[in-house]
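Inspection log for the structure reproduced underneath, given as structure tokens.
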Amino acid sequence: MKINKKSALLLVSLLLITIAFWSVDGVGSIAKVLPLFDMKLMIVVGLLFLGTIVLSFIRIWIILGDFGHKLSFFDVAKACIAGNIGALFFIPVFGQIAGRQFYLAKLGVSAVENSAASGYERVVAGVVSAVFALLGFLYIYDWAVIEGAEPIKLFIFTVSAALAVIVFYRKIMSVLERQAVKNFTNIRHVFLLLRVVLIVALGMILTMLCFALMFGAVLPEVDYLKIVSIAFIVSFLASLPISFGGWGLREVSAIFFVVYLGGTSEAGLAASVFIGLISMAVVLVFYPVLFIGKRVVR
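According to this note's numbering, the sequence shown is numbered sequentially starting from 366.
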């Protein structure tokens, strides 16, 4: 029997979530750490997630403008809301693109342009997130990771990383995504690229703060820069398209790094699950916006 991509992602997420819950000492042990997450903390994290979503609206609005579509920000925001909701219940990437297209098609944006804009957005976000995660990794494990490594190991790592980027660019990225990258890395479009990178970076910082606040609640005595570092790493891992909406991968990685810094697996799991639930709730809070206005006018 052939397994489709959605089923495969769900299977990976369920497997990882099972591993995460298997690593703790039962539901009772999780209940003991719940008081660490008070309502004020939840509200602040929710507001930060709301900020990241609004920035994503601005980001796609700017990208579509660079593609030649001067659209109403509100109309683009509605398309993004539909895409975010679609990503919750379907394959995240395809659900997001399909949800956006339902509204963008009425605004004169073709499916090809929507896919190209989404691909460009994903590539920039992935690169920025990876850079933040790398800096976090180097801070957590100290620069001794680099300084103490043998030259041959550094060479192998560098070559492997370069090959991974080449394979991703040539084999995993779609034709539209590659074309978008070529167009916007052209010297004439550097300013446009930097503008998008800045907005993406700001969104990543807000997302990091969400993770950092939750991890900080369970690691009160740990240096906050270390908490920021694991927040960048875990948020990057959760964004990788190998699980369903980051579920499972986020929980396992959160447990690993929280325990690494002296916390408990129960605390790491609880913090991660709360992050996932709050982010989903914030996405759904925008749902009523879709009913504002009778129809989108081209």
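Quick reminder that beta carbons are idealized off the backbone N, C-alpha and C, glycines included. Predicted model only: the values in this text are computed from it and were never measured.
Query, Result
"Exposed unless 16 or more other CB atoms sit within 10 angstroms - verdict on Ile-382", "buried"
"For Tyr-506, three-class secondary structure by DSSP", "coil"
"Residue environment, Leu-399, which counts as buried when at least 16 other CB atoms sit within 10 Å", "exposed"
"Top-ranked residue by Cα proximity to Leu-429, from Asn-449, Asn-479, Gly-448 and Val-392", "Asn-479"
"Burial state of Val-474 (16 or more Cβ within 10 Å)", "buried"
"Beta-carbon spacing of Trp-411, Val-647 below 8 Å", "With the sequence shown as reference, residue 411 is identified as Gly, and Trp is not the correct amino acid for it. Cβ atoms of Gly-411 and Val-647: closer than 8 Å."
"Ile-427, DSSP secondary structure in three states", "helix"
"Through-space distance from Ile-640 to Ala-447, alpha-carbon basis", "21 Å"
"Three or more C-beta pairs below 8 Å linking the region 565-577 and the region 491-498", "yes"
"Between the CA atoms of Val-458 and Lys-591 - distance to the nearest angstrom", "31 Å"
"Continuous alpha helix (DSSP H) stretch holding Thr-629: start and end", "No alpha helix (DSSP H) contains Thr-629, which DSSP labels as neither H nor E."
"Proximity to Lys-556 [Cα-Cα], best of Tyr-625, Asp-431 and Ile-620", "The displayed chain sequence assigns Phe, not Lys, to residue 556. Residue Asp-431 is the option with its Cα nearest to Phe-556."
"Neighbourhood of Gly-416 by C-beta, 6 Å cutoff - its chain only, sequence neighbours within 5 removed", "Leu-571"
"CB-CB length for Gly-613 against Leu-380, believed under 8 Å", "7 Å"
"For Ser-483 and Arg-422, the rounded distance between their alpha carbons", "Position check: residue 422 holds Phe in this sequence, whereas Arg was assumed. Approximately 12 Å between the Cα atoms of the pair."
"Helix, strand or coil at Gly-633 according to DSSP, with G and I counted as helix", "helix"
"Closest Cα partner of Val-583 within the set Val-562, Phe-438 and Ile-620", "Ile-620"
"As assigned by DSSP and simplified to three states, the class of Leu-379", "helix"
"For Asp-440, three-class secondary structure by DSSP", "helix"
"Burial state of Phe-651, where buried means 16 or more other Cβ atoms lie within 10 Å", "buried"
"Rounded straight-line distance, which links the Cα of Phe-580 to that of Ser-618", "12 Å"
"Rounded separation between Met-407 and Leu-605 - CA only", "25 Å"
"7 Å Cβ shell around Val-624 - same chain, five flanking residues per side excluded", "Ser-630 and Gly-633"
"Exposure of Phe-454, with buried meaning 16 or more beta-carbon neighbours within 10 Å", "exposed"
"Lys-471 and Leu-655 closer than 8 Å at C-beta", "no"
"Where Trp-426 falls, given that 16 or more other Cβ within 10 Å makes a residue buried", "buried"
"Which of helix, strand or coil DSSP assigns to Val-662", "Unreliable placement is indicated for Val-662, whose pLDDT of 47 sits below 50; the coordinate value is still reported in the next sentence. In the structure shown, Val-662 sits in coil (DSSP, three-state: anything other than H, G, I, E or B)."
"Of the residues Trp-387, Met-645 and Arg-615, the one placed nearest Leu-413, counting alpha carbons only", "Met-645"
"DSSP-derived helix/strand/coil call for Val-337", "This structure cannot speak to residue 337, because the chain is shown only from 366 to 663."
"Helix, strand or coil at Ala-514 according to DSSP, with G and I counted as helix", "With a pLDDT of 47 at Ala-514, under the threshold of 50, the modelled position of that residue is not reliable, and the figure given next carries that caveat. It is coil, neither helix nor strand."
"Euclidean distance between Cα positions of Ser-637 and Phe-467", "32 Å"
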